[in-house]
Amino acid sequence: MRSDTRRGTTHDTLILVAAVALSAFLLGYIQGEAPRVPRLQGGTGRGAAVSPQLQVADVEGRRLVEGRQAVARAPGIVRSAGQAGEPQPEGAGHQAAHSTRHTTWIPKNEHHDHIDSSFLRGKGNEKAPNAEFGSGLMGRKKPQVAICLGYTTRTKKKALQGVYGVKGQSPLFNHLIPSLCNTMSAGFVYSMWLGYDHDDPILSILGAADLMAKAIQETATAMGCSLETHLIRMDYGGNPTWAQNDAILAAHKAGVDYFYRVNDDSVMSSQQWTEKFVAALAVMNPPNVGVVGPAHKGGNTNILTYDFTSRKHVEIFGFHYPRAFKTWWGDDWITLVYKPNNMKKLSDVKLDHKLEDIRYTVGQDMAKLGALQREVDLHKATLQKYIQTHPRGLR
Numbered sequence: 001m002r003s004d005t006r007r008g009t010t011h012d013t014l015i016l017v018a019a020v021a022l023s024a025f026l027l028g029y030i031q032g033e034a035p036r037v038p039r040l041q042g043g044t045g046r047g048a049a050v051s052p053q054l055q056v057a058d059v060e061g062r063r064l065v066e067g068r069q070a071v072a073r074a075p076g077i078v079r080s081a082g083q084a085g086e087p088q089p090e091g092a093g094h095q096a097a098h099s100t101r102h103t104t105w106i107p108k109n110e111h112h113d114h115i116d117s118s119f120l121r122g123k124g125n126e127k128a129p130n131a132e133f134g135s136g137l138m139g140r141k142k143p144q145v146a147i148c149l150g151y152t153t154r155t156k157k158k159a160l161q162g163v164y165g166v167k168g169q170s171p172l173f174n175h176l177i178p179s180l181c182n183t184m185s186a187g188f189v190y191s192m193w194l195g196y197d198h199d200d201p202i203l204s205i206l207g208a209a210d211l212m213a214k215a216i217q218e219t220a221t222a223m224g225c226s227l228e229t230h231l232i233r234m235d236y237g238g239n240p241t242w243a244q245n246d247a248i249l250a251a252h253k254a255g256v257d258y259f260y261r262v263n264d265d266s267v268m269s270s271q272q273w274t275e276k277f278v279a280a281l282a283v284m285n286p287p288n289v290g291v292v293g294p295a296h297k298g299g300n301t302n303i304l305t306y307d308f309t310s311r312k313h314v315e316i317f318g319f320h321y322p323r324a325f326k327t328w329w330g331d332d333w334i335t336l337v338y339k340p341n342n343m344k345k346l347s348d349v350k351l352d353h354k355l356e357d358i359r360y361t362v363g364q365d366m367a368k369l370g371a372l373q374r375e376v377d378l379h380k381a382t383l384q385k386y387i388q389t390h391p392r393g394l395r
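So the sequence shown is numbered by the UniProt record's numbering: it starts at 1 and just counts up by one.
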């Protein structure tokens, strides 16, 4: 038995070493440098060491200390400053799938705490208590804008599968990050939130999410912009609408003020898009209750393929998109539920959809418009109830 135990331990060690080597090899590709093998973390047995600035939150129900303020494990919506005492609308509650890991990369010299993603739990419309939440975004005076998306390195072009997430190959690095940096406004604080599959061909590799977060932030820094980056691993796969939803819920809990849901192959081509979106929401009735979006090329131009919302959206519905939508149809729903008075496409804000390789299959279960319409009718009633009790001027 002792011999078998030693052999098992040796086997586990070899697997760990191989994982470390693979992570180091990936780092070399992402950073465009020669591969380097990082040292193992002493005493943890969890794999390759990463930069001390990479904050990785475990969600096993423990408290994180590690030299920073501990963050309690508690689910729920967290209000930003000035909203903590605001009651949650009746029936609202987070609809999110389990998330098992949250990786955060913070630009240098910016204060931050660990970010806990354990709140991404719940079924149906369960109510969730409020909770304090540590983040570099909290306490800042400038309005905060989260760029949120579902992300995968999976592609139907098998020859690219192994390198799709690598800088120089991915539309995230070729399109979204450069265009975002080129159109940021000085009056706002920006962050990026990516939800990815637990079985992603690259990001599921030990340490790869840490390296990807680091690569994103370094790319932004090289372009002269500051971009706090969050990668959130989901315990499901192939459900991009769920991933988009859960990324936004994570940003909402961190106290972000506005949420821009885009794709990794989006190109933001208009300056001052942030000010224009915020101003359009502010004149809604009630203020900030609604959805706005850009005039875009590519995709379905009859709906808001990309949407920009305030915190009010999640506070009203308890989610960004209903859990009924797994793959597609979330953008149809958010367009229709706010039509006609609280939805607007801004003609002077342009976005180009590059239509890179489609990596998800449209869910045929929602292909029938009847199913979509049922969700729209259900949640339009919720919206109308809120509007009736929150007329213009009542925040």
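Every residue, glycine too, gets a C-beta built ideally from N, C-alpha and C. None of the values given here were measured: they were computed from a predicted structure.
How would you call residue i, buried or exposed, if buried means at least 16 neighbouring beta carbons within 10 angstroms?
| i | result |
| --- | --- |
| I30 | Low confidence applies to I30: its pLDDT is 46, below 50, so where it sits in the model is not reliable enough to give any reading. |
| A215 | buried |
| H379 | buried |
| G370 | exposed |
| R374 | exposed |
| T274 | buried |
| N239 | buried |
| G82 | Here G82 scores only 28 on pLDDT, less than 50, and its place in the model should not be relied on; the value that follows carries that caveat. That one is exposed. |
| Q388 | exposed |
| G207 | buried |
| residue 425 | Residue 425 lies beyond the stretch modelled for the chain, which goes from 1 to 395, so this question has no answer here. |
| D235 | exposed |
| T301 | exposed |
| G330 | buried |
| T243 | Checking the sequence, you will find Ala at residue 243 rather than Thr. Buried, by the Cβ-count rule. |
I think residue i touches residue j, with their Cβ atoms under 8 Å apart; what is that distance to the nearest whole Å?
| i | j | result |
| --- | --- | --- |
| G195 | Y151 | 7 Å |
| L351 | V283 | Between V283 and L351 the Cβ distance is about 21 Å, and since that is not below 8 Å, they are no contact. |
| K326 | T229 | Their Cβ separation, rounded to whole angstroms, is 25 Å, which puts K326 and T229 out of contact at 8 Å. |
| A209 | L149 | A209 to L149, Cβ: 15 Å. No contact. |
| V349 | A279 | Not really, about 11 Å apart at Cβ, beyond 8 Å. |
| F319 | N245 | 6 Å |
| L383 | V337 | 6 Å |
| H175 | K354 | 6 Å |
| T183 | S310 | At roughly 20 Å, the Cβ-Cβ gap does not stay under 8 Å, so T183 and S310 are not in contact. |
Tell whether a beta-carbon distance below 7 Å holds between residue i and residue j.
| i | j | result |
| --- | --- | --- |
| V262 | Y190 | no |
| G290 | L281 | yes |
| D264 | G237 | no |
| F188 | K142 | yes |
| Y260 | I177 | no |
| D332 | L304 | no |
| L346 | K276 | yes |
| A220 | L227 | yes |
| G392 | N288 | At residue 392 the sequence reads Arg, which differs from the Gly that was named. In this structure, N288 does not lie closer than 7 Å to R392 by Cβ. |
| T153 | I205 | no |
| R386 | I334 | Sequence check: residue 386 is Tyr here, not Arg. No. |
Is residue i near the ligand MG, with its Cβ less than 6 Å from a heavy atom?
| i | result |
| --- | --- |
| T335 | Absence of the ligand MG from the depicted structure is noted, as is the absence of any ligand whatsoever, leaving it without description. |
>> Check whether the stretch 247-254 and the stretch 204-215 touch, using three or more Cβ-Cβ pairs below 8 Å as the test.
In response: no
>> Give the list of continuous beta strand (DSSP E) stretches no shorter than 3 residues that lie fully inside the stretch 297-378.
In response: 307-310, 343-353
>> Extract the residue ranges of the beta strand (DSSP E) inside the stretch 166-200, only unbroken runs of 3 or more that lie entirely within it.
In response: 189-196
> For the stretch 205-239, which segments carrying the alpha helix (DSSP H) assignment without a break, of at least 4 residues, lie completely within its bounds, in sequence order?
Replying inline: 208-222
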